[in-house]
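Engineer: Anchor point for the sequence shown: position 49 equals 48 in numbering that gives the first Met the number 0, and the numbering is continuous, going up by one each time. Just so you know, even glycine gets a beta-carbon here, dropped at the ideal spot from N, CA and C. Predicted model, so just to flag it, every value in this text is computed and none were measured.
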Amino acid sequence: MKQLGHLKRPVARLSRQRGQAYAEYLVVTTALISILLIASGDTASPFTALVSGFKSFFSAYSFTLSLP
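#1: Spatial neighbours of S51 within its chain, please: C-beta separation below 8 Å, excluding the five flanking residues on both sides.
#2: Can the beta-carbon of F46 be found less than 9 Å from the beta-carbon of L64?
#3: Specify, as a first and last residue, the run of the alpha helix (DSSP H) that A48 falls within.
Right, dumping it as structure tokens:
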């Protein structure tokens with residue numbers, strides 16, 4: 000019976016660690032999104048370049064799928 004009570008403590012610590020990881024991912028993701036939206040390049044913003052790249056890759060992918 001002592002072992003069951005002992006096992007509950009690490010589970011509580013694990014749930015707190017999961018919350019900490021979520022907060023870290025949220026901060027990093029927010030920073031990356033803000034850099035993509037705010038930063039300006041010489042010709043186009045990084046966000047515009049990213050969207051353009053996705054459109055180009057999707058176009059090539061859909062062409063490849065249409066081949067017999």
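Structural biologist: Straight from the coordinates:
#1: For the purposes of this step, residue 51 is taken as residue 52 along the sequence shown, with counting starting at 1. Closer than 8 Å at Cβ, skipping near neighbours: A43.
#2: By one-based count along the sequence shown, residue 46 stands at place 47. By one-based count along the sequence shown, residue 64 stands at place 65. No, the Cβ-Cβ distance between F46 and L64 is not below 9 Å.
#3: Within the sequence shown, numbered from 1, the residue matching residue 48 stands at position 49. From DSSP, the alpha helix (DSSP H) with A48 extends over P45 to S65.
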